[in-house]
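So the protein sequences, as listed, match chains L and X. Quick note: the first sequence uses the working numbering, first residue 1, plus one each step. Quick note: the second sequence uses the working numbering, first residue 1001, plus one each step.
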Amino acid sequence: DPKIIQKPKYLVAVTGSEKILICEQYLGHNAMYWYRQSAKKPLEFMFSYSYQKLMDNQTASSRFQPQSSKKNHLDLQITALKPDDSATYFCASSQGQGGTEVFFGKGTRLTVV
Amino acid sequence: GEQVEQLPSILRVQEGSSASINCTYENSASNYFPWYKQEPGENPKLIIDIRSNMERKQTQGLIVLLDKKAKRFSLHITDTQPGDSAMYFCAASNSGYNKLTFGKGTVLLVSP
């Protein structure tokens, strides 16, 4: 019974289009994150949010925009998609911040054609 | 920032033997070092972690060692089983916001 729900599980998008990746967590955590994993790079930190506020952004491109409508939601909007954006995007969460276990969702595998 | 190097990238062992994975980090302010196991098509799952106030931690056939002077930490899996075959990632965190910097991963293959 997954406590971090990511939708969709698989996503195919056309170059130049825009997609939103959905993430909801039911662990009662106050911190949420996005990580990206591709064949070229290991698990790569993108964003961290705490109590719906952006805490850290390591994504160089403004095409990636996290959106937090509720404390347990952190969606990821990606605009002007490129083939290089193809990766598995993992949403994660933790209770508190530094030095606490980070739990990962099952991921959304995005393929940009 | 932080950089984490992880070796080896592939590790083949016989069932029942030990497996060791080593990681080094750059930022002396890093204070939290988790290890994740990831099976194909699955999400990474925490298997053990260690904080900078400890040098050694052990749980269920896993041992983690931390050498802060050398900025090195390692995972040792004792009595490996075929079910231990997976990708293993080390990570380091030095921020208050749980930003984990991951190594590139080690594919562990345990043969019967």
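Glycine included, every Cβ here is placed at the ideal spot set by N, Cα and C.
DSSP, reduced to helix, strand and coil, places residue 1044/X outside both helices and strands of the structure shown, so it counts as coil. Two segments are said to touch when three or more pairs of C-beta atoms, one from each, lie closer than 8 Å; by this definition the stretch 1012-1020 of chain X does not touch the stretch 31-48 of chain L. The stretch 1058-1074 of chain X makes no contact with the stretch 88-97 of chain L: fewer than 3 CB pairs, one atom from each, lie closer than 8 Å. Listed along the chain, the chain X residues whose CB falls inside 8 Å of the CB of residue 64/L amount to none; the nearest CB is some 16 Å away. A distance of 9 Å or more separates the beta carbons of residue 1105/X and residue 1003/X.
Against residue 1071/X, chain L offers no close residue; the least beta-carbon distance is about 17 Å (beta-carbon pairs closer than 8 Å). Boundaries of the beta strand (DSSP E) around residue 55/L: 53-57.
Close partners of residue 99/L in chain X (Cβ separation under 8 Å): 1031, 1032, 1051, 1093 and 1098. Remark: C-beta atoms of residue 92/L and residue 55/L do not approach each other more closely than 9 Å. Of all residues in the stretch 2-23 of chain L, none is placed with a Cβ closer than 7 Å to any Cβ belonging to chain X.
Going by C-alpha positions, residue 73/L is about 7 Å away from residue 25/L. For residue 1022/X, the enclosing beta strand (DSSP E) has its first and last residue at 1019-1025.
When 8 Å is used as the limit between beta carbons, residue 105/L is near these residues of chain X: 1043, in chain order. Under a criterion of Cβ atoms nearer than 7 Å, the residues of chain L adjacent to residue 1104/X are, in order, 42. Against chain L, a Cβ distance below 9 Å from residue 1046/X picks out 101, 102, 103 and 104. Residue 1023/X and residue 1073/X have their alpha carbons spaced roughly 5 Å apart. In the structure shown, residue 1082/X falls within a helical segment according to DSSP collapsed to helix, strand and coil. Spatial neighbours of residue 88/L in its own chain (CB-CB distance under 6 Å, excluding positions within 5 residues in sequence) are listed in chain order as 37, 107 and 109. Cα atoms of residue 1064/X and residue 1045/X: separation of roughly 16 Å, rounded to the nearest angstrom. When DSSP states are grouped into helix, strand and coil, residue 83/L belongs to the helix group. Under the 9 Å criterion on CB atoms, residue 1101/X is classed as interfacial with respect to chain L. Contact of residue 1036/X with chain L is assigned, a C-beta pair being separated by under 9 Å. Residue 100/L sits in coil when the DSSP states are folded into three classes, being neither helix nor strand.
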